[in-house]
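Visitor: Please read through the structure below; I'll follow up with questions.
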Amino acid sequence: MQMHSSYVVTDPKGTLVLECGKMLYENGYDIKILNTINFKKSMKYNPFAYLRSEKDILKLVQTIIANTKEMEKRQRRFLGKG
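Position 28 (the sequence shown) corresponds to 28 in UniProt numbering; numbering is contiguous.
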């Protein structure tokens, strides 16, 4: 694994942090976990703390809407159109 960059990783099953977390930590990386299913296993994240302008607000809102629409599409495909 390359140890020269910052990483943001999607780990829906929580296995990658178990497999790679110790190695990354030992190489100086901060490991932060955002668990949207079990908040007791999650660090806190407030996206509003990073908003500096109206453009930032618009970008956050568009991102939330886009991700919500994708989730709805996946659910419809999974459940069928019945």
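The beta-carbon is built from N, C-alpha and C at its ideal position, and this holds for glycine as well. The structure displayed is predicted, hence computed values, not measured ones.
Give the DSSP-derived three-state secondary structure of residue 23 in the structure shown.
Guide: Residue state, collapsed to three classes: helix.
Visitor: With distance defined between alpha-carbon atoms, name the residue in 11, 51, 2 nearest to residue 28.
Guide: Of the listed residues, the one whose Cα sits closest to residue 28 is 2.
Visitor: Mind reading off the beta-carbon distance from residue 37 to residue 17? Whole number of angstroms is fine, and I expect it under 8 angstroms.
Guide: Contact flag wrong, Cβ pair sits at about 14 angstroms.
Visitor: Which same chain residues end up closer than 7 angstroms to residue 51 when comparing Cβ atoms and leaving out the 5 residues on each side of it in sequence?
Guide: Contacts found: 57, 60.
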